[in-house]
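Engineer: To start, I am sharing the structure in question, which I have written as structure tokens.
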Amino acid sequence: MLIENSSDLIKRHQMVTLPSGALAHEAELINGQALVISSDGLAVYSRAGMVGDPLGNGLLRSVAIPADFCLTLQNGAYIQEHRAGYVGLSDGRVCLITLNDAQLFPSKQQALRNQNEIVRIALGS
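Here the working numbering is used: the first residue of the sequence shown is 518, the next is one more, and so on.
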């Protein structure tokens with residue numbers, strides 16, 4: 518019997534369209550919630566697939582990314598790679614996901630040193 522054992526905190530991810538018409542990347546986390554990454558913000562939803570809810574019932578919280586650090590699409594996506602809690606984003610930005618928070622950093626080196634955090638968003642309900 519083969520047992521799959523992974524430390525990835527992201528189960529799956531896909532591009533979605535926000536109600537505003539903007540593109541975003543939805544990452545379904547192992548706790549069932551969804552971290553949504555857009556060019557100018559991060560949002561946490563109670564579960565994947567709630568982005569299009571016209572009443573916004575699934576939105577738990579959101580945070581804006583400052584204009585100087587907004588993301589651009591690269592190869593049609595914001596998420597370029599991920600493993601464990603590390604998420605490499607377009608423009609060289611990095612998101613670190615822990616059990617409690619997701620933090621956005623300007624670069625991999627700064628993320629590894631936990632320096633110059635751009636924004637932080639709490640996970641969980």
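No residue lacks a Cβ here, since even glycine has one placed at the ideal position from N, Cα and C.
The alpha helix (DSSP H) that contains residue 629, what's its start and end?
Structural biologist: As a first step, residue 629 is located in the sequence shown; it is residue number 112 there, counting from the start. Per DSSP, residue 629 belongs to the alpha helix (DSSP H) from 625 to 629.
Engineer: What span of residues does the beta strand (DSSP E) with residue 545 cover, start to end?
Structural biologist: Here residue 545 corresponds to residue number 28 of the sequence shown, with the count starting at 1. Run containing residue 545: 540 to 546, per the beta strand (DSSP E) assignment.
Engineer: By the 10 Å Cβ neighbour count, where 16 or more other Cβ atoms means buried, how is residue 524 classified, buried or exposed?
Structural biologist: Locating residue 524 in the sequence shown gives position 7, where the first residue counts as 1. Exposed.
Engineer: Spatial neighbours of residue 575 within its chain, please: CB distance less than 6 Å, with the 5 preceding and 5 following residues excluded, ordered by chain position.
Structural biologist: In the sequence shown, counting from the first residue as 1, residue 575 sits at position 58. Within the same chain, residue 575 has close Cβ partners 562, 563 and 567.
Engineer: Going straight from the alpha carbon of residue 600 to that of residue 583, what length do you get?
Structural biologist: Start at 1 with the first residue of the sequence shown, and residue 600 comes out as number 83. Start at 1 with the first residue of the sequence shown, and residue 583 comes out as number 66. Using only the alpha carbons, I get a separation of about 26 Å.
Engineer: Between the C-alpha atoms of residue 520 and residue 585, what's the straight-line distance to the nearest angstrom?
Structural biologist: On the sequence shown, residue 520 is found 3 positions in, with the first residue counted as 1. On the sequence shown, residue 585 is found 68 positions in, with the first residue counted as 1. Because residue 520 sits at a pLDDT of 48, beneath the cut-off of 50, its placement in the model cannot be relied upon, and the point is left open.
Engineer: With a threshold of 8 Å, are at least 3 pairs of Cβ atoms found where one atom belongs to the segment 608 to 615 and the other to the segment 530 to 539?
Structural biologist: Counting Cβ pairs under 8 Å, fewer than three are found: no touch.
Engineer: To the nearest angstrom, report how far apart residue 535 and residue 596 are at their CA atoms.
Structural biologist: To locate residue 535, count along the sequence shown from 1; it is residue 18. To locate residue 596, count along the sequence shown from 1; it is residue 79. One C-alpha to the other measures close to 16 Å.
Engineer: For residue 580, which residues in the same chain have their Cβ closer than 7 Å to its Cβ, ignoring the five residues on either side in sequence?
Structural biologist: Residue 580 sits at position 63 when you count from the first residue of the sequence shown. 558, 559, 636 and 638.
Engineer: Starting from residue 589 and walking both ways along the beta strand (DSSP E), at which residues does that stretch end?
Structural biologist: Along the sequence shown, one-based indexing puts residue 589 at 72. Per DSSP, residue 589 belongs to no beta strand (DSSP E) and is neither H nor E.
Engineer: In this structure, what does DSSP give as the bridge partners for residue 559?
Structural biologist: In the sequence shown, the residue the question calls residue 559 occupies position 42. DSSP output for residue 559 lists 554 and 580 as bridge partner(s).
Engineer: Are there 16 or more other CB atoms within 10 angstroms of the CB of residue 550, so buried, or fewer, so exposed?
Structural biologist: Position 33 of the sequence shown, counted from the start, is the residue given in the question as residue 550. Counting Cβ neighbours within 10 Å, residue 550 comes out buried, since at least 16 surround it.
Engineer: Does residue 608 come out as helix, strand or coil in the three-state DSSP assignment?
Structural biologist: Position 91 of the sequence shown, counted from the start, is the residue given in the question as residue 608. Of the three classes helix, strand and coil, the one that applies to residue 608 here is helix, per DSSP.
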